[in-house]
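Here the sequence shown stands for residues 1 to 73, where the numbers follow my numbering.
The structure appears below as structure tokens.
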Amino acid sequence: MANISILGLGAMGQALATRFLQQGHRLTVWNRTPDKAVPLLAKGAREVKSAKDAIAASDVTVMCVLDYAASQR
Ligand SMILES: NC(=O)c1ccc[n+]([C@@H]2O[C@H](COP(=O)([O-])OP(=O)(O)OC[C@H]3O[C@@H](n4cnc5c(N)ncnc54)[C@H](OP(=O)(O)O)[C@@H]3O)[C@@H](O)[C@H]2O)c1
């Protein structure tokens with residue numbers, strides 16, 4: 001099992017996160033609007049306070065924000 005972080009918990013990020021948790025991966029999440037992490041915490045994800053912390057937490061990071069411009073913020 002891998003340590004995976006996801007940045008961005010919109011529709012696509014939520015779907016990816018749920019699938020990673022179902023597969024037994026250790027999942028760290030960050031979203032600009034923290035409320036969106038709540039359903040995933042109940043399924044075993046760990047939330048961190050910044051994108052930087054999420055990237056540092058895992059070997060693999062999946063960025064799933066709206067567009068390229070958002071990924072640069
Ligand atoms: N949904 C699909 O079926 C699907 C399929 C294939 C590919 N994709 C791709 O997946 C990506 C995400 O799509 P989505 O459907 O998940 O979109 P979405 O539901 O609209 O979610 C957008 C995400 O981007 C974040 N975001 C937007 N602007 C931001 C900024 N300036 N700084 C930080 N975070 C920002 C949002 O954070 P907040 O929650 O804080 O607003 C949210 O987590 C897009 O590139 C889309 O093309 C989606």
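In this text, a Cβ means the ideal position worked out from N, Cα and C, and glycines have one as well.
Going by beta carbon distance, what residues of the same chain come within less than 7 Å of residue i, once the five residues before and after it are set aside?
{"i": "methionine 12", "result": "Cys64"}
Grouping DSSP H, G and I as helix and E and B as strand, with all else coil, what is residue i?
{"i": "valine 38", "result": "helix"}
{"i": "serine 5", "result": "strand"}
{"i": "threonine 33", "result": "coil"}
Compare the Cα-Cα distances from residue i to each of the options and report the closest residue.
{"i": "alanine 57", "options": "Leu66, Tyr68, Ala45", "result": "Ala45"}
{"i": "lysine 49", "options": "Met1, Ala37, Ala42", "result": "Ala37"}
List the whole-angstrom C-beta distance separating residue i from residue j, where the pair is believed to meet the contact cut-off of C-beta under 8 Å.
{"i": "isoleucine 6", "j": "alanine 15", "result": "Rounded, the Cβ-Cβ distance is 10 Å, inconsistent with contact."}
{"i": "asparagine 3", "j": "arginine 19", "result": "Asparagine 3 to arginine 19, Cβ: 16 Å. No contact."}
{"i": "valine 29", "j": "glutamate 47", "result": "5 Å"}
Excluding the 5 residues preceding and the 5 following residue i in the sequence, name in chain order all residues of the same chain whose CB lies nearer than 8 Å to its CB.
{"i": "alanine 54", "result": "Ser5, Ile6, Leu7, Thr28, Val29, Trp30, Val48, Thr61"}
Can you list the residues near ligand 1, meaning Cβ strictly closer than 6 Å to any non-hydrogen atom, in the order they appear in the chain? The set of residues with CB atoms less than 6 Å from any heavy atom of ligand 1 reads, in chain order, Gly8, Leu9, Gly10, Ala11, Met12, Gly13, Asn31, Arg32, Thr33, Lys36, Cys64, Val65, Leu66, Asp67, Ala70, Arg73.
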